[in-house]
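Read through the structure below, which is laid out as structure tokens, and then see the notes.
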Amino acid sequence: MQLPECATQSRLTDNTLVKALARAFRWKRMLESGEFATIAELAEREGIAFTYMARLMRLSLLAPHVVEAILNGKQGPELTLARVLEPFPLNWTEQMDELQAKTAAPTHQNATATEPPNLCL
47 MQLPECATQS RLTDNTLVKA LARAFRWKRM LESGEFATIA ELAEREGIAF TYMARLMRLS
107 LLAPHVVEAI LNGKQGPELT LARVLEPFPL NWTEQMDELQ AKTAAPTHQN ATATEPPNLC
167 L
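Sequential numbering of the sequence shown, starting at 47, is according to the numbering used here.
Next up, the structure:
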């Protein structure tokens, strides 16, 4: 049995991912509190493009175990901000399946698609 690379490496927190998650949850909290009525209003106040803010806020819909893995640096090197900003299902089980499928691409010439994904969630 071969363990994913991230299982043997020291934890390496992706600060870009962590910062994006923090912003998403902060903005979500600001909207839910009523401090701002719309994403457009909040984006204007923050000086950020509405479309970017809306895409980043989707991160607040990630499954808790995915968020935890990112915060603990256990997400694996393939799970980048660009990857999590791609459309993903709202169902947490489907999210996990999709994230694992996206990280299961072969990493060397002799790799096969049946090898376990390199995602330590």
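The C-beta atom is built at its ideal place from N, Cα and C for all residues, glycine as well.
In the three-state DSSP reduction, Phe-71 falls in the helix class (H, G or I). Note that the C-beta distance between Leu-127 and Ala-83 is not below 9 Å. Distance from the CA atom of Glu-92 to the CA atom of Met-142, rounded to whole angstroms, is 31 Å. In this structure, the alpha-carbon of Glu-144 lies about 19 Å from that of Met-103. Judged by DSSP secondary structure, Pro-133 falls outside any alpha helix (DSSP H); it is assigned neither H nor E.
In the DSSP annotation of this structure, Leu-107 is not part of any alpha helix (DSSP H), being labelled neither H nor E. In the three-state reduction of the DSSP assignment, Leu-117 falls in the helix class. Note on the region 72-100: whole alpha helix (DSSP H) runs with a minimum of 4 residues are 85-92, in chain order. In this structure, the CA atom of Glu-114 is about 12 Å from the CA atom of Leu-63. In the structure shown, the three-state DSSP call for Leu-125 is coil. With fewer than 16 neighbouring CB atoms inside 10 Å of its own CB, Leu-58 falls in the exposed class.
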